[in-house]
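So the sequence shown is residues 223 to 763, counted in our numbering. Worksheet for the structure shown next.
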Amino acid sequence: MFCYQCQETAGNNACTKVGVCGKKPATAALQDVLIHVTKGLGQIATRQATQHTPVDHDMDRLAVGNLFATITNANFDDDMLEARIRKTCAANKALAAQLSSADGLHDAALWQADSREAILAKAETVGVLSTVDEDVRSLRSLITLGLKGMAAYAKHADALGKRDPEVDAFLLATLAKLLDDSLSVAELTALALETGHKGVQVMALLDTANTSAYGQPEITKVALGVGDRPGILISGHDLRDLEMLLQQTEGSGVDVYTHSEMLAAHAYPAFKKYAHFKGNYGNAWWKQKEEFASFNGPVLLTTNCLVPPDESYRNRIYTTGAVGYPGCKHIPGEAGEVKDFSAIIAQAKTCPPPAELEKGEIITGFAHNQVLALADKVVQAVKSGAIKKFVVMAGCDGRAKSRAYYTEFAQKLPKDVVILTAGCAKYRYNKLNLGDINGIPRVLDAGQCNDSYSLALIALKLKEVFGLADINDLPIAFNIGWYEQKAVIVLLALLALGVKNIHLGPTLPAFLSPNVAKTLVEQFGIGGISTVDEDLRALVG
Ligand code: FSO
Ligand code: SF4
223 MFCYQCQETA GNNACTKVGV CGKKPATAAL QDVLIHVTKG LGQIATRQAT
273 QHTPVDHDMD RLAVGNLFAT ITNANFDDDM LEARIRKTCA ANKALAAQLS
323 SADGLHDAAL WQADSREAIL AKAETVGVLS TVDEDVRSLR SLITLGLKGM
373 AAYAKHADAL GKRDPEVDAF LLATLAKLLD DSLSVAELTA LALETGHKGV
423 QVMALLDTAN TSAYGQPEIT KVALGVGDRP GILISGHDLR DLEMLLQQTE
473 GSGVDVYTHS EMLAAHAYPA FKKYAHFKGN YGNAWWKQKE EFASFNGPVL
523 LTTNCLVPPD ESYRNRIYTT GAVGYPGCKH IPGEAGEVKD FSAIIAQAKT
573 CPPPAELEKG EIITGFAHNQ VLALADKVVQ AVKSGAIKKF VVMAGCDGRA
623 KSRAYYTEFA QKLPKDVVIL TAGCAKYRYN KLNLGDINGI PRVLDAGQCN
673 DSYSLALIAL KLKEVFGLAD INDLPIAFNI GWYEQKAVIV LLALLALGVK
723 NIHLGPTLPA FLSPNVAKTL VEQFGIGGIS TVDEDLRALV G
């Protein structure tokens with residue numbers, strides 16, 4: 223196996239024996255082949271579109287679902303991955319038969335999966351290392367990983383009935399381009415940036431999908447304690463799954479708690495009407511082994527991040543959507559279908575209530591609409607000097623000890639600096655009680671990593687209010703923690719918006735070759751992190 227798609231990759235080089243995330247070599251092999259045949263799907267579907275035959279939305283969905291299933295900590299189930307490969311090969315075969323000619327179709331579009339053994343053998347020749355030139359490999363990886371993030375956002379929007387045909391077409395066409403050996407480093411670099419532009423578009427789509435379905439997030443205090451009834455813990459990012467779970471648990475005597483990224487859901491008006499929507503339990507994804515054990519009730523993973531569950535609580539873990547784990551029950555249901563959560567609810571009723579981890583509350587809901595409602599106050603605070611600077615500390619959390627940097631950085635920030643955050647990175651400092659500036663909390667949490675678009679909108683609005691020509695003239699610094707591939711599309715989107723001098727940590731991606739990293743440094747001023755004190759001096763003076 224060779225996987226270097228996340229920040230925790232072994233030795234900041236690559237996982238080659240087993241994943242730090244727990245991914246086994248066979249699973250990695252299946253994922254490599256799945257990506258290969260999905261690129262083939264991209265090639266055929268794109269050719270179909272040029273022959274003026276509209277691409278069936280089921281094909282976009284297939285590509286999107288495949289990409290999402292290979293995101294870090296999403297799917298560890300070899301049977302599910304093999305089923306996806308077979309489905310994609312069958313689709314490729316059927317679509318290729320409709321083309322006027324199959325000339326020039328890549329192996330990825332033509333190859334058919336006969337058996338598990340054949341798939342595993344195929345993986346030997348189609349993984350990341352099958353691209354020999356290290357810069358081309360690096361750029362192809364950057365784009366592929368960006369597409370995975372884009373797919374996650376497209377999938378969530380689709381679940382709420384919103385899609386953007388331009389994004390779908392771009393996704394398929396770009397998958398096809400990843401098979402094209404004639405593309406130069408310069409062309410691939412341009413394609414990476416174009417991916418960022420489409421990243422902005424898909425994030426806008428998801429924002430519209432979420433807010434039109436559930437209302438504009440509003441400032442909300444979320445309880446951290448527990449009640450005395452059995453509970454279901456819902457993790458991941460999918461708001462439509464949460465809605466169905468809340469509907470089906472109403473009046474059942476079972477409470478619903480959010481975990482990690484689902485915390486943001488408490489800020490949506492549509493979910494506030496559910497009295498049994500209790501609060502948030504636990505912290506970022508990587509602490510789940512202890513926290514899922516003490517929760518006592520069933521846990522529903524709607525997206526990543528799933529840590530391979532211990533035997534002791536595995537029978538309480540349910541997966542849905544792109545997530546899968548062998549031995550855990552999977553709840554089926556495509557976009558537009560109602561999922562049946564009755565098995566989870568029935569099990570919850572037999573479980574003791576959650577064990578309390580902590581008390582108190584945290585505040586979320588500072589998405590763009592809410593911050594813009596406070597715009598006058600914010601602008602006034604900046605003009606008066608009460609707020610000297612904003613630091614965007616969005617992104618992901620992770621296990622690495624070095625991530626203590628982010629807690630210390632937040633603690634040591636001068637009191638006139640406000641943190642803008644989104645994603646599970648916030649769990650490093652959102653319970654520190656950093657206070658407020660004239661009533662504006664010093665940690666403004668826009669929501670999930672999926673809501674990073676909000677931070678971009680806030681920056682663009684401030685630019686307009688202050689009459690600045692360049693977003694980089696704002697008093698905003700970027701110190702982003704990354705982990706998996708949604709962070710890659712957020713990064714590409716920020717670059718596409720013209721944001722410069724982003725600091726990325728705790729380590730720079732292993733998939734950036736020295737030359738590609740150099741380009742990013744030269745063109746965009748991207749940098750890593752150093753010590754807290756040095757970075758404080760560099761970022762906030
Ligand atoms: Fe975190 Fe996991 Fe949201 Fe990621 S829970 S790490 S970037 O999946 O998606 O921030
Ligand atoms: Fe390693 Fe990350 Fe890949 Fe898992 S997802 S195998 S930890 S690089």
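Note that beta-carbon positions come from the ideal geometry of N, C-alpha and C, so glycine has one too.
Cβ-heavy atom distance, residue i to the ligand FSO, below 7 Å
| i | result |
| --- | --- |
| Q320 | no |
| C237 | no |
| C618 | yes |
| H216 | The chain is shown only over 223 to 763; residue 216 falls outside these bounds and no answer can be derived. |
| K708 | yes |
| E513 | no |
| Y705 | yes |
| L701 | For the sequence presented, residue 701 should be read as Asn rather than Leu. No - the ligand FSO has no heavy atom lying nearer than 7 Å to the Cβ of N701. |
| Q670 | yes |
| E483 | yes |
| G645 | yes |
| N295 | yes |
| W333 | no |
| C573 | no |
| C527 | yes |
Supposed contact pair residue j and residue i - C-beta distance, whole angstroms, cut 8 Å
| i | j | result |
| --- | --- | --- |
| P663 | I609 | Not quite, the Cβ-Cβ distance comes to about 12 Å (not below 8 Å), so this is no contact. |
| K384 | L427 | 6 Å |
| G262 | N314 | 5 Å |
| A251 | A330 | That pair is no contact at about 15 Å. |
| L485 | V593 | In fact, because the Cβ distance is near 18 Å, the residues do not count as touching under 8 Å. |
| N297 | G546 | 4 Å |
| Y649 | P576 | With 8 Å as the limit, Y649 and P576 do not qualify as a contact, their Cβ atoms being about 18 Å apart. |
| V710 | G458 | In fact, because the Cβ distance is near 18 Å, the residues do not count as touching under 8 Å. |
| T430 | H488 | In fact, because the Cβ distance is near 20 Å, the residues do not count as touching under 8 Å. |
| F767 | G453 | Within the shown structure, residues of the chain are numbered from 223 to 763, placing residue 767 beyond reach of any answer. |
| L774 | Q745 | The chain is shown only over 223 to 763; residue 774 falls outside these bounds and no answer can be derived. |
| I307 | A335 | 5 Å |
| D450 | D282 | That belief does not hold up - the Cβ atoms of D450 and D282 are roughly 46 Å apart, past 8 Å. |
| L656 | A681 | In fact, because the Cβ distance is near 21 Å, the residues do not count as touching under 8 Å. |
| T525 | A374 | 7 Å |
| L659 | V613 | As written in the sequence, residue 659 is Ile, which differs from the Leu given in the question. Incorrect: roughly 13 Å between the Cβ atoms, too far for contact. |
Cross-strand partners of residue i (DSSP beta bridge)
| i | result |
| --- | --- |
| P663 | D658 |
| V614 | L642, F700 |
| I539 | V521 |
| I454 | V478 |
| H378 | Per DSSP, none; premise fails for H378. |
| E583 | A445 |
| I751 | Answer is none; I751 lacks a bridge partner. |
| C225 | C237 |
| L719 | The partner list for L719 (beta bridge, DSSP) is empty, contrary to what the question assumes. |
| G546 | N297 |
| F499 | V478 |
| L726 | I702 |
| K770 | Nothing can be reported for residue 770: it is not among the residues displayed for the chain, which extend from 223 to 763. |
| K551 | Y540 |
Residue i Cβ short of 7 Å to the ligand SF4 heavy atom set
| i | result |
| --- | --- |
| G607 | no |
| K399 | no |
| Y547 | no |
| G241 | yes |
| Y226 | yes |
| T729 | no |
| K370 | no |
| E416 | no |
| T366 | no |
| A622 | no |
| A245 | The sequence given here has Lys at residue 245, not Ala. It does: the Cβ of K245 is within 7 Å (strictly closer) of some heavy atom of the ligand SF4. |
| A374 | no |
| T268 | no |
| T231 | yes |
| A557 | no |
**Prompt:** What residue ranges within the region 237-317 form continuous alpha helix (DSSP H) runs of no fewer than 4 residues, ordered along the chain?
**Reply:** 247-272, 279-291
**Prompt:** Which ranges does the alpha helix (DSSP H) cover as unbroken runs of at least 4 residues, wholly within the region 384-449, from first to last along the chain?
**Reply:** 387-399, 407-436
**Request:** Would you list, in sequence order, the uninterrupted alpha helix (DSSP H) runs of no fewer than 4 residues that lie entirely inside the region 328-368?
**Result:** 329-332, 338-348
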